[in-house]
Each structure stands twice: as structure tokens, then as C-alpha cells.
Amino acid sequence: MKRYTTAQIRNVALIGGTNTGKTLLAEAMLLEGKVIDRKGTIEAGTTVSDYNEIEQQNKKSVYSTVMYTEFMDHKLNIFDTPGSDDFIGAVITSLSVADIAVMVLNAQQGVDVGTEIFSRWVKRLDRPMLFALNQLDHEKANYDQTLETLHQSFGNKVVTVQYPVNPGANFDTFIDVLLMKMYRFKGTNGEREELEIPADQLEKAKELNAKLTEAAAENDEGLMELFFEKGMLTEDEIRAGLAKGIATQGVYPVFCLSGLKNIGVKRLMEFIIKVGPSPADSPMLN
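Numbering (the working numbering), first residue to last: 2 to 287.
What follows is the structure in C-alpha cells.
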């Protein structure tokens with residue numbers, strides 16, 4: 002493995018309640034980084050993180066497991082944490098060394114007890130956080146309701162980066178309002194096709210892009226002045242504003258996923274690398 006500078010490292014804690022799909026998301030991230038060539042399953046006890054016999058017997062994470070993958074010339078250290086608050090000590094330990102928390106939600110349930118408990122620790126430990134709405138491929142997935150529960154719990158800090166075009170059993174497409182592109186996925190290995198946003202989705206995408214731009218500007222005085230002057234921000238300027246907002250818990254971006262089918266996982270990893278903080282950004286190092 003090559004040597005990385007501090008700025009090239011991302012320490013990512015996958016947190017969230019039970020049955021949100023953190024372990025399968027970790028598998029998909031390892032697949033994207035080519036650490037593994039096929040994903041394990043909970044049922045077979047073949048996932049990388051749930052290697053302990055107790056975890057394999059109970060088919061759930063009991064311990065926090067740290068893994069790593071190389072991606073886009075960066076090293077991602079990934080912490081897969083338990084979903085039950087019976088093992089909250091393991092979650093707290095992972096959050097203590099993480100640079101960013103990815104709060105994984107089951108799109109059938111929305112905000113649950115685990116979300117509430119672990120988010121309090123995110124706040125207490127002053128960690129940046131983003132939301133990953135997982136299992137959007139489930140027949141009972143309800144994106145709108147899940148997003149509403151996030152707004153109810155976390156207010157206007159919640160900002161949409163992606164929204165699904167067809168949530169449910171046939172989910173394979175989402176629109177990214179930062180990149181203003183539509184992505185359609187094939188198979189279960191993350192193969193994606195980048196498309197222009199269709200006319201029937203364009204108005205909604207532009208509206209959400211405007212809200213995302215405003216959220217980015219609100220977290221940087223210079224960008225706010227630029228926004229008022231030009232009425233818009235470039236993609237890179239939006240990223241810069243989001244980076245500042247994420248670092249100060251001023252904004253919580255929302256992403257769409259299926260860890261099982263590897264939909265949206267690569268894009269999440271790209272965002273973490275381009276926008277998420279590194280250990281070099283930690284107050285302890287500055």
C-alpha cells in the first residue's frame with residue numbers, strides 16, 4: 002500500500018439503528034475500492050466486518066470493525082458499527098476517532114431510536130455528519146416520508162444532494178442536484194450511466210439545486226456575498242460552502258443508496274473525498 006499524507010485520509014464512521022444496512026454498505030464500499038471482488042452476505046456470514054462468530058450466529062454487528070480501502074488516490078478508513086444501543090460504547094469509540102459520520106437510515110422507517118441516540122453523540126463529540134437513505138430498493142421504501150422525518154428531527158440543516166426517481170422494488174435511478182445529472186444503475190456492481198435530467202424532473206432538480214446553493218452560501222460569508230452579487234455559485238463554490246457547513250454541523254447533506262445493489266455508493270465515496278474533512282482539518286491538529 003502506498004503512503005498517504007494526512008490530507009489524503011478520511012476516517013468514516015457508518016452509524017445508525019438496527020437493520021439500516023451499514024454492514025452491506027461497508028461491503029459495497031470495499032467492492033468499489035477493489036478490496037474484495039464480490040460482496041459477502043449477512044445470511045452466509047461472509048461479510049468482511051462481521052467476522053466474529055457471535056456476529057455470524059446472531060446475524061448482526063456486535064463490535065465495531067475498522068476496514069480500509071484506497072479510492073481516488075485517497076485512503077478511506079471505514080468503521081462499521083453496531084446498530085443496537087446495547088453496544089453504544091463501540092459506536093462512541095468509533096465516533097471519537099472518525100472525521101465524519103455517515104448516519105445510515107432504513108428508507109422504510111425513517112428516523113428511529115438509533116438515529117436519535119447516535120445523533121446526540123455526534124453532536125456531543127462535535128462530529129460532521131451526513132445522511133445516507135439506504136434500502137431505497139425495498140418495495141416498502143418511502144423516500145418522502147423518510148426525508149420528512151429528517152426535517153422534523155434536524156430542521157433546515159438537512160439539505161438534499163440526491164433524490165430517487167423511482168424508489169421501491171425497481172429503484173435504479175436518482176438525480177444528483179449538486180452535479181445536476183441523472184444516474185441510472187445496472188446490475189449490482191455499481192455500473193452507472195450518467196444522463197441529462199429529463200424535462201419532467203428539471204423543475205424539481207433546479208429548485209433543490211437552488212436550496213443546496215443557498216445552504217452552501219450561508220456557511221461562508223465570502224460565498225454569500227458572491228451569491229448575492231451573481232445569483233448563483235459554481236459547482237466548486239458549492240462544494241467549498243458545503244465543506245465548511247459540514248465541518249461545523251451547519252448542514253447535513255442527504256444521499257440516496259442501495260448498499261445491497263451498490264446504487265449510489267461510489268458517488269457517496271466521491272463526495273466524502275471531495276467535500277468531507279480529513280484528519281488535517283481536526284481542531285486537535287490546528
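Where a beta carbon is used, it is the ideal one built from N, C-alpha and C, also for glycine.
Selected residue, minimal CA-CA separation from residue i, among the options
{"i": "Asp86", "options": "Thr189, Arg125 and Thr19", "result": "Thr19"}
{"i": "Arg268", "options": "Leu213, Arg193 and Val92", "result": "Arg193"}
{"i": "Ile43", "options": "Tyr69, Asp237, Thr24 and Ile273", "result": "Thr24"}
{"i": "Met270", "options": "Tyr69, Lys61, Lys40 and Gln58", "result": "Tyr69"}
{"i": "Pro165", "options": "Leu148, Leu15 and Gln9", "result": "Leu148"}
{"i": "Asp177", "options": "Val123, Tyr52, Ile239 and Phe256", "result": "Phe256"}
{"i": "Lys275", "options": "Glu222, Leu137 and Met73", "result": "Met73"}
{"i": "Gln163", "options": "His139, Gly156 and Leu131", "result": "Leu131"}
CB contact flag (residue i, residue j, <9 Å)
{"i": "Thr6", "j": "Ala248", "result": "no"}
{"i": "Gly22", "j": "Asn135", "result": "yes"}
{"i": "Ala27", "j": "Ile89", "result": "no"}
{"i": "Ala241", "j": "Leu213", "result": "no"}
{"i": "Leu258", "j": "Asn210", "result": "no"}
{"i": "Gln153", "j": "Val112", "result": "yes"}
{"i": "Leu151", "j": "Tyr253", "result": "yes"}
{"i": "Ser62", "j": "Gly46", "result": "no"}
Distance between residue j and residue i (C-alpha atoms, nearest Å)
{"i": "Glu71", "j": "Glu215", "result": "33 Å"}
{"i": "Gln110", "j": "Pro168", "result": "14 Å"}
{"i": "Ala108", "j": "Lys3", "result": "37 Å"}
{"i": "Met30", "j": "Val49", "result": "11 Å"}
{"i": "Leu196", "j": "Asp173", "result": "13 Å"}
{"i": "Thr161", "j": "Glu230", "result": "24 Å"}
{"i": "Asn287", "j": "Ala91", "result": "Caution applies to Asn287, whose pLDDT of 45 falls short of 50 and renders its modelled position unreliable; the value that the coordinates give is listed next. Looking at the two C-alpha atoms, the distance is approximately 27 Å."}
{"i": "Glu33", "j": "Phe119", "result": "27 Å"}
{"i": "Tyr184", "j": "Phe175", "result": "6 Å"}
{"i": "Phe272", "j": "Ser95", "result": "21 Å"}
{"i": "Ala206", "j": "Met181", "result": "7 Å"}
{"i": "Asn171", "j": "Lys262", "result": "11 Å"}
{"i": "Ile16", "j": "Asn190", "result": "23 Å"}
{"i": "Glu208", "j": "Gln250", "result": "23 Å"}
{"i": "Lys40", "j": "Asp81", "result": "15 Å"}
{"i": "Glu238", "j": "Val98", "result": "28 Å"}
{"i": "Leu234", "j": "Asn220", "result": "13 Å"}
{"i": "Ile37", "j": "His139", "result": "25 Å"}
{"i": "Thr116", "j": "Gln58", "result": "25 Å"}
{"i": "Thr226", "j": "Glu204", "result": "Residue 226 is actually Glu in this sequence, not Thr. Glu226 and Glu204: Cα-Cα distance of roughly 26 Å."}
{"i": "Glu222", "j": "Val67", "result": "37 Å"}
{"i": "Ala218", "j": "Asp51", "result": "41 Å"}
{"i": "Asn53", "j": "Gly246", "result": "38 Å"}
{"i": "Ser65", "j": "Gly232", "result": "45 Å"}
{"i": "Arg128", "j": "Gly188", "result": "34 Å"}
{"i": "Gly156", "j": "Val123", "result": "16 Å"}
{"i": "Ile93", "j": "Phe228", "result": "38 Å"}
{"i": "Arg121", "j": "Glu236", "result": "31 Å"}
{"i": "Leu137", "j": "Gly260", "result": "9 Å"}
{"i": "Ile55", "j": "Lys35", "result": "27 Å"}
Nearest-angstrom beta carbon gap, residue j and residue i [assumed within contact, 8 Å]
{"i": "Ile264", "j": "Phe186", "result": "5 Å"}
{"i": "Val103", "j": "Ala244", "result": "In fact, because the Cβ distance is near 16 Å, the residues do not count as touching under 8 Å."}
{"i": "Gln9", "j": "Lys76", "result": "6 Å"}
{"i": "Arg11", "j": "Ser283", "result": "Not quite, the Cβ-Cβ distance comes to about 12 Å (not below 8 Å), so this is no contact."}
{"i": "Val105", "j": "Ala133", "result": "5 Å"}
Interface flag, residue i vs chain B, CB-CB below 9 Å
{"i": "His139", "result": "Protein chain content of the structure displayed is limited to a single chain, and chain B is not contained in it."}
> Would you call the region 131-149 and the region 200-213 in contact, with 3 or more CB pairs under 8 Å?
Replying inline: Not touching, per the Cβ criterion.
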